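Notes follow once the structure below has been shown.
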Amino acid sequence: MKRQSKNICKWFHCCPLKRFYEEGRLDKKWVEDYCWSNNPDCVRKKMEEKGQYHPDNMMPDGTIDEDMV
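Here the sequence shown is numbered in the working numbering, starting from 1 and rising by one per residue.
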């Protein structure tokens with residue numbers, strides 16, 4: 001799957017999920033389905049844009065992954 005930069009979430013460069021993915025700790029499916037497709041359903045993105053706190057280990061669907069710390 002080729003990524004087009006216009007589809008990448010504007011927060012991806014500073015999102016902890018990017019780091020988790022690069023470290024091999026986050027399944028590629030997460031970044032494909034949310035980060036690289038600029039998915040409007042991403043809970044992290046919605047909270048970031050509202051200036052609301054969200055923990056680094058919160059997944060795009062809003063679940064908390066205790067293994068991602």
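Built from N, CA and C at the ideal position, the CB exists for glycine as well. The structure presented is a predicted model; accordingly, all values stated were derived computationally and were not measured.
Can you name, in chain order, every residue of its own chain whose Cβ lies under 8 Å from the Cβ of residue i, other than the five neighbours on each side?
i: S37; result: N7
Spatial neighbours of residue i within its chain, please: C-beta separation below 6 Å, excluding the five flanking residues on both sides.
i: G62; result: V43
i: K18; result: F12
i: M59; result: D65
i: V31; result: Y21
i: D56; result: P16
Who are the near neighbours of residue i in its chain, counting only those whose CB is closer than 7 Å to its CB and skipping five residues on each side?
i: D45; result: This sequence places Lys at residue 45; Asp is not what is there. Only C9 and W11 meet the Cβ criterion.
Go ahead and pull the three-state DSSP assignment for residue i.
i: M59; result: coil
i: N7; result: helix
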